[in-house]
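Okay, so the first sequence: first residue is 36 according to my numbering, each after it adds one.
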Amino acid sequence: MSASARPTAPAQTVAVAAGEMALDALRVAGVELTGPHGAVVVRDADGVLRDLAWAPDSDAEVEPVAADSPDGLAVLRHSAAHAMAQAVQELYPGTLLGIGPPIEDGFYYDFLPSRPFTPEDLTAIEKKMGEIIKAGQLFVRRPIDDDAARAELANEKFKLELIGLKSTATGEEATEVGAGGLTMYDNVDAKTGERVWTDLCRGPHLATTRRIPAVKLMRSAAAYWRGSEKNEQLQRIYGTAWATRDDLKAHLNRLEEAAKRDHRKLGIELDLFSFPDELGSGLPVFHPKGGILRRELEDYVRQRHIDEGFDFVSTPHISKADLFYTSGHLPYYADTMFPPMDVDGIEYRLKAMNCPLHNLIYQSRGRSYRELPLRLFELGAVYRYEKSGVVHGLTRVRGLTMDDSHSYCTAEQAPGEIRKLLEFLLGLLRDFGLDDFYLELSTRDDSKPDKFIGSDEDWAQATAVLEEVARESGLELVPDPGGAAYYGPKISVQARDAIGRTWQMSTVQLDFNQPARFELEYQAADGTRQQPVMIHSAKFGSVERFIGVLTEHYAGAFPAWLSPVQVIGIPISEEQNGYLDDVARRLRARGLRVEVDDSADRMQKKIRNAQRQKVPFMLIAGETDADAGAVSFRYRDGTQRNAIPIETAIDEIADTVARRSNSSPTAELYG
RNA sequence: GCCGCCUUAGCUCAGAUGGUUAGAGCGAUCGCCUUGUAAGCGAUAGGUCGUCGGUUCGAUUCCGACAGGCGGCUCCA
Numbered sequence: 036m037s038a039s040a041r042p043t044a045p046a047q048t049v050a051v052a053a054g055e056m057a058l059d060a061l062r063v064a065g066v067e068l069t070g071p072h073g074a075v076v077v078r079d080a081d082g083v084l085r086d087l088a089w090a091p092d093s094d095a096e097v098e099p100v101a102a103d104s105p106d107g108l109a110v111l112r113h114s115a116a117h118a119m120a121q122a123v124q125e126l127y128p129g130t131l132l133g134i135g136p137p138i139e140d141g142f143y144y145d146f147l148p149s150r151p152f153t154p155e156d157l158t159a160i161e162k163k164m165g166e167i168i169k170a171g172q173l174f175v176r177r178p179i180d181d182d183a184a185r186a187e188l189a190n191e192k193f194k195l196e197l198i199g200l201k202s203t204a205t206g207e208e209a210t211e212v213g214a215g216g217l218t219m220y221d222n223v224d225a226k227t228g229e230r231v232w233t234d235l236c237r238g239p240h241l242a243t244t245r246r247i248p249a250v251k252l253m254r255s256a257a258a259y260w261r262g263s264e265k266n267e268q269l270q271r272i273y274g275t276a277w278a279t280r281d282d283l284k285a286h287l288n289r290l291e292e293a294a295k296r297d298h299r300k301l302g303i304e305l306d307l308f309s310f311p312d313e314l315g316s317g318l319p320v321f322h323p324k325g326g327i328l329r330r331e332l333e334d335y336v337r338q339r340h341i342d343e344g345f346d347f348v349s350t351p352h353i354s355k356a357d358l359f360y361t362s363g364h365l366p367y368y369a370d371t372m373f374p375p376m377d378v379d380g381i382e383y384r385l386k387a388m389n390c391p392l393h394n395l396i397y398q399s400r401g402r403s404y405r406e407l408p409l410r411l412f413e414l415g416a417v418y419r420y421e422k423s424g425v426v427h428g429l430t431r432v433r434g435l436t437m438d439d440s441h442s443y444c445t446a447e448q449a450p451g452e453i454r455k456l457l458e459f460l461l462g463l464l465r466d467f468g469l470d471d472f473y474l475e476l477s478t479r480d481d482s483k484p485d486k487f488i489g490s491d492e493d494w495a496q497a498t499a500v501l502e503e504v505a506r507e508s509g510l511e512l513v514p515d516p517g518g519a520a521y522y523g524p525k526i527s528v529q530a531r532d533a534i535g536r537t538w539q540m541s542t543v544q545l546d547f548n549q550p551a552r553f554e555l556e557y558q559a560a561d562g563t564r565q566q567p568v569m570i571h572s573a574k575f576g577s578v579e580r581f582i583g584v585l586t587e588h589y590a591g592a593f594p595a596w597l598s599p600v601q602v603i604g605i606p607i608s609e610e611q612n613g614y615l616d617d618v619a620r621r622l623r624a625r626g627l628r629v630e631v632d633d634s635a636d637r638m639q640k641k642i643r644n645a646q647r648q649k650v651p652f653m654l655i656a657g658e659t660d661a662d663a664g665a666v667s668f669r670y671r672d673g674t675q676r677n678a679i680p681i682e683t684a685i686d687e688i689a690d691t692v693a694r695r696s697n698s699s700p701t702a703e704l705y706g
């Protein structure tokens, strides 16, 4: 995705003699040292990144790392974080430092200021950073022992804590400290040689601040120290930094494009859904046009499940709370379920998951091995009390509809069933135009036994089964340790959308625990009673969220088969209203969603409106068309085809919809 | 839930440093115009300035609480 990911030149290595500075060796070898392709650090034979000022103890071979390479950008961003921290401490003396690592597209630094930063502060900090960058301060590495570091950082309580953690630091904290000796990075005035700022840091860094060509501070926000809500909250400033000003501009453009696709914005513009205050946070209502999207989605997914051998079931939204104790969801999820209500002295709960209710259907009579796998499917409404700060558009709501299935089968059938499910759900996602996937395998965190139930053997077996099936799929598999549900491990499908963002979509979970807790049984061929396993699976995840993701994926320009309005008739003058009404009638007879814009607006205005509503087919008719029994197509990409006979036009549209084509209609496809 | 910011017409946004009648564009309604590929012209209606409480002679403006939203953090069965 990175705009600056250019084809890199074949790795060249440069010999650095013992005691010689890498920078000098590079210079002698004629390696570029300025500009976006210029080296900012070197990689030694062990793959460790080193400052250009590094001088090896013995002869070494190093590889120059360009500013615009992934590693080079990380170094650049890390150095930008230092420049920002220096600016903050100069402007707001007494501000304490947290950590300041590079991240995707940028960097952040955490601070404990005397008061939170304002947008004006960010402007001032950015300006100060500009001065620091322009001054060309040198980054100088200085090894230091623990005691000296403690003395030097006596006022920086967070840094002191990091020193104590250095042997166990991981992830972003390892940016500051790591195994091995501590180092300070001094910012040194290029002219006077005076140390103007310093930070505990592993490095490496740019040679000078001048090698930061393009930086912008994005926002400030709070973040818990060391990522735990039990800790103090620090003020984090996010910035972005790039190897060229053009790369920065391109990045900002991408953000703007992403903002245009925001489903919350498009939901209003396209009149799809809203979140009335009167209803409460995280509770969407779908307007007629959003309702069409929902219906198309639901009808399709329901039919596909039936085709795949699922039985369609239905269960209520509310249940006695005891059911969720039986399943084990309570007390685990007590804080994310809506509070209980007392009905005639009995505690009831809104359901936050469908599995316990499906288990009751399984349990409703004796089951034979001949029935297995038994596949129950439901579009089940569930309610989750998401914390107020996390509710977000359609992607994180408090009331949602899960396309939830539970397959009950023998342990032996499980791998086959999971394989089938994975294949099915990938096909389903492809049907909606999502086709770039990777898988995540969420497993138990052995260090937190209280978060998971069931025996070690069952977990090991279930995890092995999921892993095997995931590997067979040939898709990239990313481990997610600790991400499993309390009852079993999970495969989740991550889909990349049209602009490369990834969304968690489908999940498949293997569960030995709930069948045991519900004492589910089937009678085996030998007459014994056996316990089935159950496989939880959601394909969309939630219908609401899926609509949100699709809206962003298509930027609101839905494929014709999903478009709330598929065809709009636009008369050139009032004269053609009746003519287009007739065309519309014929399209409706083919099951298409058609409108004729017979408003008093000019046709140019009608086109503009249809364009903004992202209608896939505009059928324009004037006198010439009407006389010829034809219409003129305008597609939403602006291309057009004139004088198409009505029958042909109707067939083309009907065909595109029937094929569930996901590509946006355009003149070239038909010409 | 935590930190910060925000809430003015259906939508997008101006505005008054506490003082009689709060503005614009789009949208809506009505009229004129009758039109060939992204905004024709005009008029009219529409707001107890998120809610509740406090300070004040006077609050949409200042303070507080609550609700909702935005950006993060934490969380996400």
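For each residue, glycine too, the CB sits at the ideal point set by N, CA and C.
Straight-line Cα distance separating residue j from residue i
i	j	result
GLY363	GLU554	13 Å
ALA53	LEU68	21 Å
GLU2	TYR335	Only positions 36 to 706 of the chain appear in the structure, and residue 2 is not among them; the question remains open.
MET638	VAL578	36 Å
GLU703	ARG676	9 Å
ASP221	GLU291	37 Å
VAL100	ALA74	5 Å
ARG337	PRO550	25 Å
GLY576	GLN496	25 Å
ALA369	GLY562	40 Å
PRO45	LEU84	Legend: pLDDT at PRO45 = 49, less than 50; position of this residue unreliable, value from coordinates given subsequently. Spanning the two alpha carbons is a distance of roughly 18 Å.
GLY344	LEU409	9 Å
As assigned by DSSP and simplified to three states, the class of residue i
i	result
THR130	coil
ASN677	strand
HIS427	strand
ASN222	strand
ASP686	helix
VAL77	strand
GLU503	helix
ASP439	strand
ALA276	strand
ARG707	A query on residue 707 cannot be resolved here, the shown segment of the chain reaching from 36 to 706 and no further.
PHE472	strand
LEU407	coil
Classification of residue i by the beta-carbon crowding that lies within 10 angstroms, buried from 16 upward
i	result
ILE453	buried
ASP92	exposed
GLU682	exposed
GLN648	buried
HIS240	buried
SER698	exposed
LEU190	According to the sequence as given, residue 190 is Asn; it is not Leu. Exposed: under 16 other Cβ atoms inside 10 Å.
ARG643	exposed
GLN172	buried
GLU313	exposed
ILE303	exposed
HIS441	buried
LYS574	buried
VAL692	buried
Integer-rounded CB distance, given that residue j should sit under 8 Å from residue i
i	j	result
PHE310	LEU318	7 Å
LEU456	SER349	About 21 Å separates the two Cβ atoms, so there is no contact after all.
VAL528	LEU463	So it is not a contact: roughly 10 Å between Cβ atoms.
THR430	GLY583	5 Å
GLN646	ARG628	Going by Cβ atoms, the distance from GLN646 to ARG628 rounds to 17 Å, so no, they are not a contact pair.
ASP439	ASN389	4 Å
GLY238	ARG176	6 Å
SER667	ILE685	Contact doesn't hold; Cβ gap of about 14 Å is too wide.
THR371	ALA387	7 Å
PHE146	LEU132	6 Å
Check: residue i C-beta below 6 Å from any heavy atom of the ligand SAH
i	result
ARG671	With respect to the ligand SAH, the structure shown offers nothing to examine, as it has no ligands at all.
Exercise. Three or more C-beta pairs closer than 8 Å, one from the stretch 429-441 and one from the stretch 488-502: is that the case here?
Worked result: Segments in contact, no.
Exercise. Between the stretch 466-482 and the stretch 503-523, are three or more C-beta pairs nearer than 8 Å?
Worked result: With the cut-off at 8 Å, the stretch 466-482 and the stretch 503-523 touch.
Exercise. Would you say the stretch 518-534 touches the stretch 416-429, given that touching needs at least three Cβ pairs under 8 Å?
Worked result: no
For this session: Report yes or no: do the stretch 370-382 and the stretch 397-412 share at least 3 C-beta pairs separated by less than 8 Å?
Result: no
For this session: Could you tell me whether the stretch 178-185 touches the stretch 151-159, where touching means 3 or more Cβ pairs closer than 8 Å?
Result: no
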